[in-house]
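In my numbering, the protein residues as written are 4 to 247. Heads up, the beta-carbon is just placed ideally off N, CA and C, and yes, glycines get one too.
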């Protein structure tokens, strides 16, 4: 994790870079040919890291962990007051900025994760971005995948398999990858393909998009939100009072 401009949230170093600075970090890494790994920390990400110390250790090997969602924003304010994040960030909003920057700079993408049907929609939704290749996240062999990625010579590798699987894969495999930007996006690949259901603008502004996701996918997400959010709050309160 880059030590500049980050704060500790339950032992995860979360970046305070704004979106524009993060785009500049990506641009610099591509130009200088320095590998940069990026992930997003939401409430679920932080909760997963509390269960297993080895997972926590792997997460913190990611170069930049950017905040994602209202929960992390509020946690930063609860723990650090005015020294917390200046505003709420979401991965979904950042991916749109990344697409615009990639079109301008002519950066190419390789998408790894999700389903073939989802991946195949990206080029039609964003005809101006350069897609070096893609592969689903369900049936793959690492050696063949490494060759496929490296032969396509992408600037940015987008990995979407959910935490902690995607971060574990990135940390374990990055030395085999001839690509400068490796970013873990979870189901963010659906943002690129325009198949992710986002809430109405008012829900987005209020930080309540998670309610929309829970409504559409209750079986998959009920534990993450109904149990995960109270558990996250409990951990924050316990941490704060343990410091006093």
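Run of the beta strand (DSSP E) containing residue i, from where it starts to where it stops
{"i": "residue 133", "result": "133-138"}
{"i": "residue 16", "result": "15-18"}
{"i": "residue 71", "result": "Premise fails: residue 71 is in no beta strand (DSSP E) and is neither H nor E."}
{"i": "residue 9", "result": "9-12"}
For residue i: DSSP bridge partner residues
{"i": "residue 40", "result": "185"}
{"i": "residue 158", "result": "Its beta-bridge partners do not exist; DSSP assigns none."}
{"i": "residue 114", "result": "137, 161"}
{"i": "residue 23", "result": "BP columns for residue 23 are empty, so no partner."}
{"i": "residue 67", "result": "41"}
Contacts around residue i, its chain only, beta-carbon distance under 8 Å, and the 5 residues preceding and following it disregarded
{"i": "residue 67", "result": "4, 5, 18, 20, 25, 28, 39, 40, 41, 42"}
{"i": "residue 3", "result": "An answer regarding residue 3 cannot be provided, because it is not within the stretch 4 to 247 covered by the chain."}
{"i": "residue 197", "result": "124, 128"}
{"i": "residue 171", "result": "58, 61"}
{"i": "residue 234", "result": "50"}
Beta-carbon proximity of residue i to residue j, cut-off 9 Å
{"i": "residue 157", "j": "residue 187", "result": "no"}
{"i": "residue 167", "j": "residue 93", "result": "no"}
{"i": "residue 46", "j": "residue 231", "result": "yes"}
{"i": "residue 213", "j": "residue 72", "result": "yes"}
{"i": "residue 79", "j": "residue 111", "result": "no"}
{"i": "residue 65", "j": "residue 174", "result": "yes"}
{"i": "residue 202", "j": "residue 98", "result": "no"}
{"i": "residue 294", "j": "residue 81", "result": "No statement about residue 294 is possible, as the shown extent of the chain runs from 4 to 247 and does not include it."}
{"i": "residue 180", "j": "residue 149", "result": "yes"}
{"i": "residue 215", "j": "residue 204", "result": "no"}
{"i": "residue 217", "j": "residue 228", "result": "yes"}
{"i": "residue 70", "j": "residue 32", "result": "no"}
{"i": "residue 208", "j": "residue 108", "result": "no"}
Classification of residue i by the beta-carbon crowding that lies within 10 angstroms, buried from 16 upward
{"i": "residue 137", "result": "buried"}
{"i": "residue 103", "result": "exposed"}
{"i": "residue 195", "result": "buried"}
{"i": "residue 142", "result": "exposed"}
{"i": "residue 225", "result": "exposed"}
{"i": "residue 7", "result": "Low per-residue confidence applies at residue 7: pLDDT is 48, beneath 50, and the placement is therefore not dependable, though the value from the model is reported in the following sentence. Label assigned to residue 7: exposed."}
{"i": "residue 240", "result": "exposed"}
{"i": "residue 131", "result": "exposed"}
{"i": "residue 117", "result": "buried"}
{"i": "residue 185", "result": "buried"}
{"i": "residue 34", "result": "exposed"}
{"i": "residue 219", "result": "exposed"}
{"i": "residue 244", "result": "exposed"}
Nonlocal neighbours in the same chain, by C-beta distance under 7 Å from residue i, ignoring five residues either side
{"i": "residue 16", "result": "4, 9, 63, 68"}
{"i": "residue 53", "result": "13, 238"}
{"i": "residue 145", "result": "176"}
{"i": "residue 119", "result": "139"}
{"i": "residue 151", "result": "136, 138"}
{"i": "residue 106", "result": "131, 132"}
{"i": "residue 121", "result": "192, 193, 196, 198"}
Any non-hydrogen atom of the ligand MN closer than 8 Å to residue i Cβ
{"i": "residue 125", "result": "Looking at this structure, you won't find the ligand MN or any other ligand, since it has none at all."}
Close-in-space but distant-in-sequence residues of the same chain around residue i (CB under 6 Å, 5 per side omitted)
{"i": "residue 182", "result": "157, 160"}
{"i": "residue 74", "result": "46"}
{"i": "residue 115", "result": "138, 162"}
{"i": "residue 48", "result": "166"}
The alpha helix (DSSP H) enclosing residue i, as first and last residue numbers
{"i": "residue 60", "result": "56-62"}
{"i": "residue 233", "result": "231-246"}
{"i": "residue 119", "result": "119-123"}
{"i": "residue 95", "result": "94-108"}
{"i": "residue 175", "result": "168-176"}
{"i": "residue 203", "result": "First-last for residue 203: undefined, no H or E at that position."}
{"i": "residue 221", "result": "221-225"}
{"i": "residue 195", "result": "192-195"}
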